[in-house]
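First the structure, in the form of structure tokens, and then the observations on it.
Residue numbers (my numbering): 93 to 305.
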């Protein structure tokens, strides 16, 4: 039970962290929220969350193929994952969101098309796998004590964490629509980048401590 609860908490963090960067899909989600309402933006986030889940499954499958190496070098892998997150945190901290995405014809949009475009926008950036690998390694997500139902719960809560993020973002944008602009997205990137950096630096110190002390 303790492993299951720990898996759920880690999965929620994974889902939120991999969804948080304000890249093209974030701009699209916010634009749709401002132009068409909160549900349109949230459906876009749903598509992005499904894409993140697919990449998480691919990452998990790839990492389980080298499970023996993972088990023997957990501290080293956690250190490498933390270093990846440091690089990503710095990149995100300095990144400026795209100035905009072309407006779409509202008459031709449906929840299905909004979900599909959110999925495609996220799926078109396979570099997200490196972020997922870093988060998995930092959180030791592929723990040796996990069984199939732990993994099932983990992936359910990865998408739950991603959906929670998009629900909060669309809620915030909808409430602050008069004040939300490109600078707001830039600020989200800076805050997210800072959190990832702190998270990664703690991982580096704990990994080094386990390896040498």
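Ideal Cβ positions, reconstructed from N, Cα and C, are used throughout, including at glycine.
Keep in mind the model is a prediction, meaning the values are calculated, not measured.
Roughly how many angstroms lie between the CA atoms of residue 296 and residue 210, to the nearest whole one? Computed Cα separation, rounded: 33 Å.
N-terminal and C-terminal residue of the alpha helix (DSSP H) that residue 187 is part of: Unbroken run through residue 187: none, as it is neither H nor E.
So that I know if they touch, is there some Cβ in chain C lying closer than 8 Å to that of residue 301? Protein chains in the displayed structure number just one, and chain C is not present.
Backbone secondary structure at residue 127 - three-state DSSP: It is helical.
Closest to residue 104 by CA distance: which of 212, 276, 245 is it? Residue 245 is the option with its Cα nearest to residue 104.
Measuring alpha carbon to alpha carbon, tell me which residue in 175, 151, 143 is nearest residue 117. When only C-alpha atoms are compared, the closest one is 143.
Helix, strand or coil: how does DSSP classify residue 363 here? Lying outside 93 to 305, the shown extent of the chain, residue 363 is not represented and no answer is given.
Buried or exposed for residue 154, please, with buried defined as at least 16 other CB atoms from any protein chain shown within 10 angstroms of its CB. Counting other Cβ atoms within 10 Å of its Cβ, residue 154 stays below 16 and is therefore classed as exposed.
Tell me the DSSP secondary structure of residue 141 in three-state form. Helix at residue 141.
Distance, residue 304 Cα to residue 283 Cα: Going by the C-alpha atoms only, they are around 32 Å apart.
Quick one, which of 179, 115, 261 has its alpha-carbon nearest residue 289's? Ranking 179, 115, 261 by Cα distance to residue 289 puts 179 first.
Counted within 10 angstroms of its Cβ, other Cβ atoms place residue 94 as buried (16 or more) or exposed: Of the residues assessed, residue 94 falls on the exposed side of the cut-off, its CB having fewer than 16 other CB atoms within 10 angstroms.
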